[in-house]
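J.: Submitted below is the structure of interest, expressed as structure tokens.
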Amino acid sequence: KNEVEQSPQNLTAQEGEFITINCSYSVGISALHWLQQHPGGGIVSLFMLSSGKKKHGRLIATINIQEKHSSLHITASHPRDSAVYICAVKGFQGAQKLVFGQGTRLTINP
Amino acid sequence: EPEVTQTPSHQVTQMGQEVILRCVPISNHLYFYWYRQILGQKVEFLVSFYNNEISEKSEIFDDQFSVERPDGSNFTLKIRSTKLEDSAMYFCASSGLVSGELFFGEGSRLTVL
């Protein structure tokens, strides 16, 4: 059974700061997802990655398969980035389900 | 941009009542999922559905739960006899065959009284 841990659980920063959210998992995976959950509850997929690094706008996601660790970075953070960021992993052997972390609540103050 | 739609957005029901939550996945997607999130807790996997059958389910998904794809567009989750502990946000998601990227609906909040 895969355990997914995120840190920090809560993060408050000032607008413009560089943000890093970390995710560690216990068992080998086929893919890792970074998701954003809005205050209203809706979930949006940000990245799906299985190796290396991906970038989309101000967001960067990296994964180290050997270390079983991924990071989500936000450059030039903005109040609209305030949300819960969730890491979720998918196992091997045809498994379809995602195992979710508990989320990191990010608040960016103007 | 294509999206996953869910109805209702919020349903309040009495304990013991049957509830059906509806989802319209993205039209060319082949994998469909239901997840739930109890208030303040992690999102949990319920069930995945592919090729008109359940491909994987969690231990949460017991005999009180069922899923169906009654036509070419809808994907439903039925809870036969709701319990207080079924109160949660239920998310439908879908993914394509190639990319594996997940698209989530906005969720259906179920409140069992």
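Residue numbers (my numbering), protein chains in the order written: chain A, 22 to 131; chain B, 43 to 155.
For each residue, glycine too, the CB sits at the ideal point set by N, CA and C.
#1: In this structure, how does DSSP classify leucine 72 of chain B when only helix, strand and coil are distinguished?
#2: Per DSSP, which residues does glutamate 148 of chain B bridge with? Please list them.
#3: How close, in whole Å, do the beta carbons of serine 66 of chain A and asparagine 43 of chain A come, if the pair is a contact with beta carbons under 8 Å?
#4: Looking only at DSSP bridge pairs, what is isoleucine 81 of chain A linked to?
#5: What does glutamine 56 of chain B pair with, by DSSP beta-bridge criteria?
#6: Buried or exposed for glutamine 57 of chain A, please, with buried defined as at least 16 other CB atoms from any protein chain shown within 10 angstroms of its CB.
#7: Which of the residues in the stretch 98-110 of chain A, read from start to end, lie with their CB under 9 Å from any CB of chain B?
#8: Please state whether DSSP places arginine 101 of chain A in a helix, a strand or coil.
#9: Any idea if arginine 101 of chain A is buried or exposed, counting beta-carbon neighbours within 10 angstroms, 16 or more meaning buried?
#10: Report the neighbours of glycine 58 of chain B on chain A: residues whose CB is nearer than 8 Å to its CB, in chain order.
#11: Within 8 Å (strictly less), CB to CB, does tyrosine 73 of chain B reach chain A?
#12: Could you tell me if aspartate 128 of chain B is buried or exposed, where buried requires 16 or more neighbouring beta carbons within 10 angstroms of its beta carbon?
#13: Mind listing the chain B neighbours of glycine 112 of chain A? Cutoff is C-beta to C-beta under 7 Å, in chain order.
#14: To the nearest angstrom, report how far apart tyrosine 75 of chain B and phenylalanine 87 of chain B are at their CA atoms.
#15: Under 7 Å Cβ to Cβ from serine 45 of chain A, same chain only, skipping five residues before and after it: list those, please.
#16: Measure the CB-CB distance between phenylalanine 146 of chain B and valine 61 of chain B and report whether it falls below 8 Å.
T.: Reading it off the structure:
#1: coil
#2: Answer is none; glutamate 148 of chain B lacks a bridge partner.
#3: Their Cβ separation, rounded to whole angstroms, is 19 Å, which puts serine 66 of chain A and asparagine 43 of chain A out of contact at 8 Å.
#4: A/Lys76, A/His94
#5: Answer is none; glutamine 56 of chain B lacks a bridge partner.
#6: buried
#7: Ile107, Ala109
#8: Taken through DSSP and simplified to helix, strand or coil, arginine 101 of chain A comes out as helix.
#9: Exposed is the label assigned to arginine 101 of chain A, since fewer than 16 other Cβ atoms lie within 10 Å of its Cβ.
#10: Within chain A, no residue comes near glycine 58 of chain B; the closest Cβ sits about 26 Å away, beyond 8 Å.
#11: yes
#12: buried
#13: Residues of chain B passing the Cβ test: none, with the nearest at roughly 10 Å.
#14: 8 Å
#15: Glu26, Lys89, His90
#16: No, Cβ-Cβ distance for phenylalanine 146 of chain B and valine 61 of chain B is not below 8 Å.
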